[in-house]
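In terms of this note's numbering, the sequence shown opens at residue 88 and continues consecutively. Below you'll find the structure, written out as structure tokens, and then a few comments.
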Amino acid sequence: MAVLRSILGSIAVPNDDKLAWYKFKRVQKTTPYDVVIGINSLMALGTIGWDIKLSEKAITVQRETSTPENNRGLIVAVLGLYNRGRSFLLNQFSKIQLPNSQLIHTEGLSITAGGKDYPNIIFVNTTSTDTAIPKDKLDDKKATDALLREIALHLCSHIIIVVNRLHATDQIYIQQILKQPKTSNSNKSVIIVHNLMDVESVKEVEYIINTEVQGIMEAEREIMEYRMNNETHKVEFFHSKHNNIKLRHFILAKTGSKAAKQWNTQSISGILNILHIATEYRQNLDIINEMINFVNSKLSQLLIVNDQNEDSSSEIKQQKLKVRMHANKPNIVLSQRKDLEDLTINPVQLILSSKLVYDDGGYFIRIDSINNGQWQPLYNLYETDENIHVIIELAGFKEGEVIIEVADDEIHIEGRRDDFKKLLNNPIVYQTKIPMGLFNLSIALNSMIVPKKVTLERDDGLYKITCPKKES
């Protein structure tokens, strides 16, 4: 309960000894989740935003002063395609028994606090990929799902990817996760759970291990030992490497089967032991505020205010969008709507940015710096063993006229160049090839950097940015 208290601290009501539980909707009792942040649509930020739901356990949490011990824990992202068994896995971790036919729908960002045996572990799950959606909502869902995956990777230190029988789509999904800078350059621990939910026989499980885990994934069998209650336990698992990222593979079979008796208990215990002893990866558990800060670093690249007023300036249309907790409602909303009592009125007209492009699998967003409706300065990007160097051509800008925002895997630059003809008296224009007006440029970095150590040098119209790389 201590770590759950830390998670909920940012939404507690001031000067009260309990959370304002009566304001929150409830999480379904048939799920293992304690907190659900309803990030189901980016477009919903135009009105009601993202609601927060709590479990019955969460609403009983008392407000107490946080201590260093209960304010830190291990955050684990549980990822995978639709209907691969992520919620089933969390039920096993939480020791919740559900009917085998129970289909759990995960929404938004769903958080499960560790039980009494593993009190410092937090599991983060995201909305189910590949679930059906009305066709007019497809673009919104695609962008929202991609943002959710980025949030999960940003928050966590450990990743669990759940697959069934190995398909090409699962392989692509795993590949794209491992290619993300937040995974490949940050020493995150990655576990693959082969959830063979329809396989009952020990012989068939061994065949799948031989052909898929050891064959396709090129994993090797290994034995792990750990002690609990003064007893030594052995766990059989598999390990492989993908582009120097170490992967550990665990096997689950159909509940109640002979294969499950051989594999399930040892696999669940082995995974939980790995997470339990990873004390060096524990971090601050102010997840909701950390998530809000991360969303705010991305939001203006994803959404544009679609102001139909012709008199509105470009600056208003491209205003910096930010979200925050509503003043007295259990909702995360746009900052300008935080005091509205009725969130259905005066909607902000939002559209998805035209510069969104996706990776080969369609799972993660990249920002198209060419076709985004505004001009882009030219830049060169270099990488050495120690640094990433960005050189941007920005002649004619005075100090302070360019805004540079640095994240751990991206640099965002924006500014405005005034039209030169404003300096002249009724000029006749014969040629205008120098771009004017607002510009926006987002540069994705292939390695993680240390934002606080980034330096800038302005030299004859060139902005030279040096970004020290994060040590692996």
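Built from N, CA and C at the ideal position, the CB exists for glycine as well. Keep in mind the model is a prediction, meaning the values are calculated, not measured.
Does the stretch 464-478 come within contact of the stretch 525-538, defined as at least 3 CB pairs closer than 8 Å?
yes
Q. Out of curiosity, what's the CA-to-CA distance linking K442 and I310?
A. Stepping through the sequence shown from its first residue, residue 442 is reached at position 355. Stepping through the sequence shown from its first residue, residue 310 is reached at position 223. So the alpha carbons of these two residues sit roughly 48 Å apart.
Using 10 angstroms around the beta-carbon of M315, count the other beta-carbons present and answer buried if the total reaches 16, otherwise exposed. Position 228 of the sequence shown holds residue 315. It counts as exposed.
What's the gap between the Cα of I391 and the Cα of L129? Stepping through the sequence shown from its first residue, residue 391 is reached at position 304. Stepping through the sequence shown from its first residue, residue 129 is reached at position 42. About 11 Å.
Which residues does DSSP pair with I379 in a beta bridge?
Taking the first residue of the sequence shown as 1, we reach residue 379 at position 292. DSSP output for I379 lists no bridge partner at all.
Beta-bridge partners of S38, as assigned by DSSP: Limits of the chain in this structure are 88 at one end and 559 at the other, which puts residue 38 out of reach.
| query | Measuring CA to CA, which of P268, I198 and V435 is closest to E237? | reply | For the purposes of this step, residue 237 is taken as residue 150 along the sequence shown, with counting starting at 1. With distances taken between Cα atoms, E237 lies closest to P268.
Three-state class that DSSP yields for H413 in the structure shown | For the purposes of this step, residue 413 is taken as residue 326 along the sequence shown, with counting starting at 1. H413: coil per DSSP, three-state reduction.
Q) Between A239 and T213, which are expected to be in contact by the criterion C-beta below 8 Å, what is the C-beta distance as a whole number of angstroms? A) Start at 1 with the first residue of the sequence shown, and residue 239 comes out as number 152. Start at 1 with the first residue of the sequence shown, and residue 213 comes out as number 126. At roughly 5 Å, the Cβ-Cβ gap stays under 8 Å, so A239 and T213 are in contact.
- Query: According to DSSP, is R424 helix, strand or coil?
  - Reply: In the sequence shown, the residue the question calls residue 424 occupies position 337. Looking at R424 - three-state DSSP - the assignment turns out to be helix.
Cα-Cα separation between S276 and S422, rounded to whole angstroms: The residue given as residue 276 occupies position 189 in the sequence shown. The residue given as residue 422 occupies position 335 in the sequence shown. Each residue's Cα considered, the two are about 35 Å apart.
- For the alpha helix (DSSP H) holding I536, just list the boundary residues, first then last. What you label residue 536 is simply residue 449 of the sequence shown in a count that begins at 1. Unbroken run through I536: none, as it is neither H nor E.
Notebook entry, point to check: Do you know how far the Cα of I295 is from the Cα of L386?
Noted result: Counting from one through the sequence shown, the residue named residue 386 turns up at place 299. Counting from one through the sequence shown, the residue named residue 295 turns up at place 208. Taking the straight line from one Cα to the other gives about 43 Å.
Query raised in the report: What number of angstroms, rounded off, separates the C-alpha of E305 from the C-alpha of V292?
Result: One-based indexing of the sequence shown puts residue 305 at position 218. One-based indexing of the sequence shown puts residue 292 at position 205. Distance between the alpha carbons of E305 and V292 is about 16 Å.
Please classify V322: does DSSP put it in a helix, a strand, or coil?
As a first step, residue 322 is located in the sequence shown; it is residue number 235 there, counting from the start. In the structure shown, V322 sits in a strand (DSSP, three-state: E or B).
* Asked: Is G96 helix, strand or coil when you go by DSSP?
  -> Counted from its first residue, the sequence shown places residue 96 at position 9. G96: helix per DSSP, three-state reduction.
**Message:** Could you tell me the alpha carbon to alpha carbon distance between L549 and I478, rounded to whole angstroms?
**Reply:** Walking along the sequence shown from the start, residue 549 turns up at place 462. Walking along the sequence shown from the start, residue 478 turns up at place 391. Spanning the two alpha carbons is a distance of roughly 6 Å.
**Asked** Can you tell which of N376, K140, L510 and I264 has the C-alpha that lies nearest to the C-alpha of D446?
**Response** Working through the sequence shown from its first residue, we reach residue 446 at position 359. That would be I264, whose Cα lies nearest to the Cα of D446.
Worksheet item: Helix or strand or just coil, what does DSSP make of T270?
Response: Taking the sequence shown and counting its residues from 1, one reaches residue 270 at position 183. Of the three classes helix, strand and coil, the one that applies to T270 here is helix, per DSSP.
Next item on the list: Classify E299 as buried or exposed, calling it buried when 16 or more other Cβ atoms lie within 10 Å of its own Cβ.
Entry: Along the sequence shown, read from residue 1 onward, the residue named residue 299 stands at position 212. Result: buried.
Under the three-state DSSP convention, the category K556 falls into: By 1-based counting over the sequence shown, the position of residue 556 is 469. Note: K556 maps to strand in three-state DSSP.
| What residue range is occupied by the uninterrupted alpha helix (DSSP H) comprising F180? | Counting from 1 along the sequence shown, the entry for residue 180 is found at position 93. Its alpha helix (DSSP H) spans residues R173 to S181.
Quick check on the DSSP output: the alpha helix (DSSP H) that includes H363 runs from which residue to which?
Translated into the one-based positions of the sequence shown, residue 363 becomes position 276. Segment K345 to H363, the alpha helix (DSSP H) holding H363.
Hey, quick one: how far does the alpha helix (DSSP H) through V286 stretch, first residue to last? Position 199 of the sequence shown, counted from the start, is the residue given in the question as residue 286. Taken as a continuous stretch (DSSP letters only), V286 belongs to no alpha helix (DSSP H), as it is neither H nor E.
Do H363 and Y205 have their CB atoms nearer than 7 Å?
Indexing the sequence shown from 1 puts residue 363 at position 276. Indexing the sequence shown from 1 puts residue 205 at position 118. Yes; because the gap between Cβ atoms is below 7 Å, this pair is in contact.
(request) Could you pull out every residue in the same chain whose Cβ sits closer than 6 Å to the Cβ of K112, ignoring the five residues on either side in sequence? (result) Counted from its first residue, the sequence shown places residue 112 at position 25. Contacts found: K140.
### Extent of the continuous beta strand (DSSP E) to which E492 belongs
Reading the sequence shown from its first residue, position 405 is the one you call residue 492. Counting along the chain, the beta strand (DSSP E) containing E492 begins and ends at V489 to V493.
Proximity winner among N274, Q349 and Y466, relative to K551 (alpha-carbon distances): Locating residue 551 in the sequence shown gives position 464, where the first residue counts as 1. The residue with the shortest Cα to Cα distance from K551 is Y466.
**Asked** How long is the line joining the alpha carbons of L389 and I355, rounded to whole angstroms?
**Response** Position 302 of the sequence shown, counting from 1, holds the residue named residue 389. Position 268 of the sequence shown, counting from 1, holds the residue named residue 355. Going by the C-alpha atoms only, they are around 38 Å apart.
Check your understanding: Is DSSP giving S196 helix, strand or coil here?
Key -> By one-based count along the sequence shown, residue 196 stands at place 109. The question names Ser, yet the displayed sequence has Leu at residue 196. Note: L196 maps to strand in three-state DSSP.
- Query: Which two residues bound the contiguous beta strand (DSSP E) that contains I220?
  - Reply: Locating residue 220 in the sequence shown gives position 133, where the first residue counts as 1. From DSSP, I220 is part of no beta strand (DSSP E); its letter is neither H nor E.
Practice item. Consult DSSP for V148 and reduce its assignment to one of helix, strand or coil. Key: By 1-based counting over the sequence shown, the position of residue 148 is 61. The answer is coil: DSSP assigns V148 none of H, G, I, E or B.
Margin query: Considering only DSSP beta bridges, list what I500 is partnered with.
Written below: Here residue 500 is taken as the residue at index 413 of the sequence shown, counted from 1. Paired residues: I491 and L528.
What number of angstroms, rounded off, separates the C-alpha of V410 from the C-alpha of I419? Position 323 of the sequence shown, counting from 1, holds the residue named residue 410. Position 332 of the sequence shown, counting from 1, holds the residue named residue 419. Their backbone Cα atoms lie some 6 Å apart in a straight line.
Figure out for me which residue from I162, Y120, T147 and N513 has the closest Cα to the Cα of E377. Mapped onto the sequence shown, residue 377 falls at position 290. Cα-wise, what sits closest to E377 is I162.
Collapsed DSSP secondary structure at I124 in the structure displayed: Walking along the sequence shown from the start, residue 124 turns up at place 37. Note: I124 maps to strand in three-state DSSP.
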